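Using my numbering, the first residue of the sequence shown is number 3, and each one after it goes up by one. Working notes for the structure below.
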Amino acid sequence: MKHRAALGRRYALYIGGTCFAALSLLLVAMAAIVFSDGASLRDRLKQQLHADYIQEQQAERRQLAAYIGREFFNPLYQLDIDYINKRIRRMKAELPIEQFLVADASGKVLTDGSAANPAYGTHLGTGATAGSHRLSRFPIVSSDGQVIGYGAILWSDHPLQQALARQDGQIAATWHALIQRFLLLGGLGLPVLALIALAVGTRLSRRLSAPLLRLRDAARRVAEGDLDVQVDTNTADEMAELTRDFNHMVHRLRKTTVSRDTLRKSEARFRSLVEVSFDGIVLTDESGLVLYASPAAESMTGYRNGELTGQPIATLLAESEQTSFAAALDQVLQGRPLKGAALEVRDKQGRALSLEINAVPVRGDAGVPGIQLVLRDVSERLRQQRQLEYQANYDSLTGLSNRSHLASRLTGTLELARDNGMLAAILLLDLDRFKTINDSLGHGIGDGVLQEVARRLKGCMRDMDTVARLGGDEFVLVAANLDDSDAAGRVAERVIQVFTQPFNVGGHDLLITPSIGISLYPQDGEDAEVLLSNADAAMYRVKSQGRHGVAFYTPEMSLHAMERLELETALQQALRNEEFTLHYQPRFAQDGRRLLSAEALIRWQRPGNGLVPPAQFIPLAEETGLIVPLGAWALRTACTHCRAWQEAGWPGVSVAVNVSVRQFHNDDIVALCRQVLAETGLPPHLLELEITETLAMVNPAATIATLQELKALGLRISLDDFGTGYSSLNQLKRFPIDSLKIDRSFVKDITTDPDDATITVTIIAMAHAMGLSVIAEGVETEEQADFLRQHRCDEFQGYYFGHPLPLDTLLPQSGSAERPNDHVVPT
3 MKHRAALGRR
13 YALYIGGTCF
23 AALSLLLVAM
33 AAIVFSDGAS
43 LRDRLKQQLH
53 ADYIQEQQAE
63 RRQLAAYIGR
73 EFFNPLYQLD
83 IDYINKRIRR
93 MKAELPIEQF
103 LVADASGKVL
113 TDGSAANPAY
123 GTHLGTGATA
133 GSHRLSRFPI
143 VSSDGQVIGY
153 GAILWSDHPL
163 QQALARQDGQ
173 IAATWHALIQ
183 RFLLLGGLGL
193 PVLALIALAV
203 GTRLSRRLSA
213 PLLRLRDAAR
223 RVAEGDLDVQ
233 VDTNTADEMA
243 ELTRDFNHMV
253 HRLRKTTVSR
263 DTLRKSEARF
273 RSLVEVSFDG
283 IVLTDESGLV
293 LYASPAAESM
303 TGYRNGELTG
313 QPIATLLAES
323 EQTSFAAALD
333 QVLQGRPLKG
343 AALEVRDKQG
353 RALSLEINAV
363 PVRGDAGVPG
373 IQLVLRDVSE
383 RLRQQRQLEY
393 QANYDSLTGL
403 SNRSHLASRL
413 TGTLELARDN
423 GMLAAILLLD
433 LDRFKTINDS
443 LGHGIGDGVL
453 QEVARRLKGC
463 MRDMDTVARL
473 GGDEFVLVAA
483 NLDDSDAAGR
493 VAERVIQVFT
503 QPFNVGGHDL
513 LITPSIGISL
523 YPQDGEDAEV
533 LLSNADAAMY
543 RVKSQGRHGV
553 AFYTPEMSLH
563 AMERLELETA
573 LQQALRNEEF
583 TLHYQPRFAQ
593 DGRRLLSAEA
603 LIRWQRPGNG
613 LVPPAQFIPL
623 AEETGLIVPL
633 GAWALRTACT
643 HCRAWQEAGW
653 PGVSVAVNVS
663 VRQFHNDDIV
673 ALCRQVLAET
683 GLPPHLLELE
693 ITETLAMVNP
703 AATIATLQEL
713 KALGLRISLD
723 DFGTGYSSLN
733 QLKRFPIDSL
743 KIDRSFVKDI
753 TTDPDDATIT
763 VTIIAMAHAM
773 GLSVIAEGVE
783 TEEQADFLRQ
793 HRCDEFQGYY
803 FGHPLPLDTL
813 LPQSGSAERP
823 NDHVVPT
């Protein structure tokens, strides 16, 4: 009112001054001109403001309609009419809406938000936006542009009319005030002041139109989208108030637009973060219905394209976990977050998943509570964890318990036996000659044998018992809750029985036998380690007695095990300390006088014990693998000695060296022979290798290939212990050998046992027919020698012709290779 009073006083002074100087006619004409121009300007300004305001309202309503179209996509897609009705009623309460219709894609009205829904079924039309400024029609679309329905809003004109009326009132008030001032000045003015009044009226018209024109230009810029408009004023009147109101209106419009842009950008950033997250994010309402599921959540559960939306989150869970999970979600709604819950769920295809779930409460529109869940697929992590646990407790080859798991199981079995007053039996099983299978047929066949052994052992034991693999070819069976030692014996019988059938592995039918040692709880020990050690001692007693059997532990076995351990240690030291030597047993021609060859035999000169018989250390060397370096030493030494006796006067006398199974199949025997011959300078035809019939039949194909390489070096090959193995004539003819050695078991009784005599004669005849020479070993009497000579045996070896002797004793002083008629080579 202060600004308006000041403006009135200024106008009164201007008009009063001009009235004194203007003629009344000119003043009236001047007033008419001013009034005419002012009215025209007023009408244009009014129309412009009305049009600009209506355009702003329409633009704002179109943006709101588009936003509603996107917001209603999921509810309409799910036909959640209740949710749509709630949103319509809330928007009617907050916005000037007279009517709100939602239709499907065909234009059929589904609801108007009211309970009666009188518009249901009518046709809305499919235009995006049509009609007057009061009507907004818009499509309901997804973020990728899919149209699934339409909406129409009839806006109320009441707020618009009120705003326009306020603008009209301000303009009319200003205009009426001007008219009143001009009439007052015109009535009092004098004709002489007409010119002054005209000048003053023109000046007033310009002063009034200039700010209005600035407002008009600013309004046009706003209509064009320029929200940075600012109209300046340096007055303190109604026009200044109108200018400030205009500036304030533009400022609020700018803030509203910026806030919506910020909201859209923030929503876009949030959605992008959610969609690229590897963790699944799910939003549910308070009842557990899914409102939103991120792409990661849909992917890990097998759903896609919003299929999970509208489904109860509990449908992902097994029935056994649904009740407890619902209770956990209730706790979340009460403000207690769920952290790190591990749940087993099923995806859409029914596959099992392990999910780690975190959940927090959230507030939706109008304070409606909901839940945000973060899902993480930990199936692979748990699978790796279970795999590590399995690898830590079970043998990877056979699937049996390993040593670590055996210790745990055995401890539990002993505790159970102690509590129940029962016995427990520990059976330690070792496969006989398994190393031969591994060395000859390869580790692939060996692994197949171990797997089949494990399968058979598990099949003959009870569920409460334990079957474990210690490593290599050693297995442990723990039988729990036995009544007496006879029950342990029956367990061993079942185990022996499963080995009676051949093992067919890789096309090979293999006969495998076990050596089993048994210790009993509590009489043989109350500690797991003690019982295992005692069972091991019993098993080695079986091994020492010829293998393939069962032995119960006795206290003296521990002493034997200690002796065996000491012998193994001493054997290793003997190899390092060069305690071994070679003795040679001569082989003579048929006449019994001409020395043809000498067989190298290993002897152990153990300090403090004298000569150790080969039977005491050779089997142990075979078992521990020491036979390989020991055999290499024997081969090199024998070739060196043979070269020595060539130079000492025995030209043409060869040396025969035994080759073990492990040395033949596990070591590169061909390369070793080539190297030794090169080092010693011995002619290859003076070196003869003796292999047993059993060795040859382990893997005939591999044996033949190796023998052919050895023959290519120029070596001689003889088949030792012939008649004790399982070779057939068909296989025998394929072996590139030079001689057969008749085993001493046949020679021993050839003069008293017709069967042995027949076998010996047959072997000699068969060998000669195949072009092989025959060597008889173990000839100890003249009668035996005469019998063999009568049937044309080629060579003789045995105590009758000479005992094994060290090199310095074997070499005669005369340098002759003839055996005297009346002298047996001294022992």
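Glycine included, each C-beta is placed from N, C-alpha and C at the ideal position. Computed from a predicted model, the values in this text were never measured in an experiment.
Let's see if you can read the secondary structure: which residues bound the alpha helix (DSSP H) around residue 155? Where residue 155 is concerned, there is no enclosing alpha helix (DSSP H), although the beta strand (DSSP E) it sits in stretches over 149-157.
Closest Cα partner of residue 57 within the set 300, 790 and 225: 225
In the DSSP assignment, find the unbroken alpha helix (DSSP H) run with residue 387 in it and report its ends. 381-395
Are the CB atoms of residue 181 and residue 99 within a distance shorter than 7 Å? no
Would you kindly report the start and end of the unbroken alpha helix (DSSP H) that includes residue 456? 445-461
Name the one or two DSSP bridge partners that residue 511 has. 506
For a quick check, are the C-beta atoms of residue 781 and residue 802 less than 7 Å apart? yes
Going by C-alpha distance, which of 724, 379, 577 and 501 is nearest residue 551? 501
Selected residue, minimal CA-CA separation from residue 671, among 712, 400, 346 and 695: 712
Nearest to residue 690 (by Cα), restricted to the options 658, 683, 682 and 696: 658
DSSP on residue 797, reduced to helix/strand/coil? strand
Considering only residues of the segment 509-583, which uninterrupted beta strand (DSSP E) runs meet the minimum length of 3 residues and lie entirely inside it, listed in chain order? Counting only unbroken stretches of 3 or more residues, the beta strand (DSSP E) elements lying wholly within the segment 509-583 are 510-512, 516-523 and 551-554, in sequence order.
For residue 132, does the count of other Cβ atoms within 10 angstroms reach 16, so buried, or fall short, so exposed? In this prediction, residue 132 has a pLDDT of 41, which is less than 50 and means its spatial position is unreliable; what the coordinates show is noted afterwards. The residue in question, residue 132, is exposed, as its Cβ has fewer than 16 Cβ neighbours within 10 Å.
Over the uninterrupted beta strand (DSSP E) stretch that includes residue 341, give me the two end residues. Run containing residue 341: 340-348, per the beta strand (DSSP E) assignment.
Can you tell me the Cα-Cα spacing of residue 796 and residue 759, whole angstroms? 16 Å
DSSP beta-bridge partners of residue 294: By DSSP's assignment, residue 294 forms a beta bridge with 285.
Spatial neighbours of residue 129 within its chain, please: C-beta separation below 8 Å, excluding the five flanking residues on both sides. Confidence in residue 129 is poor, its pLDDT being 42 and thus under 50, which makes the residue's placement unreliable; the coordinate value appears in the next sentence. So the list reads 139, once near-sequence residues are dropped.
Out of 778, 763 and 786, point me to the one whose CA is closest to residue 753's CA. Considering only alpha carbons, the answer is 786.
Endpoints, the beta strand (DSSP E) within which residue 226 is located: Run containing residue 226: none; DSSP gives neither H nor E here.
Do the segment 534-552 and the segment 419-438 make contact, defined as three or more Cβ pairs closer than 8 Å? yes
So, helix, strand or coil for residue 110, using DSSP? The three-state reading of DSSP puts residue 110 in strand, counting E and B together.
Let me check one thing: in DSSP terms, what residues is residue 50 bridge-paired to? DSSP, once it has assigned bridges, lists no residue as partnering residue 50.
Roughly how many whole angstroms lie between the Cα atoms of residue 492 and residue 480? 13 Å
Assigned exposure category for residue 655 - 16 Cβ within 10 Å defines buried: buried
Assigned secondary structure, residue 125 (DSSP; H/G/I helix, E/B strand, else coil): strand
Closer than 8 Å by C-beta to residue 466: which residues in its own chain qualify, once you throw out the five before and the five after it? Chain order, please. The beta carbon of residue 466 is closer than 8 Å to those of 482 and 483 in its chain, skipping five residues each way along the sequence.
Pick helix, strand or coil for residue 179, following the three-state DSSP scheme. Here residue 179 carries a helix assignment [DSSP, helix/strand/coil].
Apart from the five residues on each side of it in sequence, which residues of its chain come closer than 6 Å, Cβ to Cβ, to residue 809? 643
Considering only their Cβ atoms, is the gap separating residue 779 from residue 792 smaller than 7 Å? no
Distance, Cα to Cα, residue 357 vs residue 286? 17 Å
Collapsed DSSP secondary structure at residue 468 in the structure displayed: strand
Alpha carbon of residue 173 to alpha carbon of residue 246, nearest angstrom: Distance between the alpha carbons of residue 173 and residue 246 is about 15 Å.
Residue ranges of each alpha helix (DSSP H) within the segment 644-722, 4 or longer: 663-668, 671-682, 695-700 and 702-714
Burial state of residue 812 (16 or more Cβ within 10 Å): buried
Assuming residue 312 and residue 349 are in contact, meaning their beta carbons sit under 8 Å apart, how far apart are those beta carbons, in whole angstroms? Going by Cβ atoms, the distance from residue 312 to residue 349 rounds to 17 Å, so no, they are not a contact pair.
Using the C-alpha atoms, what's the distance from residue 375 back to residue 383? Distance between the alpha carbons of residue 383 and residue 375 is about 20 Å.
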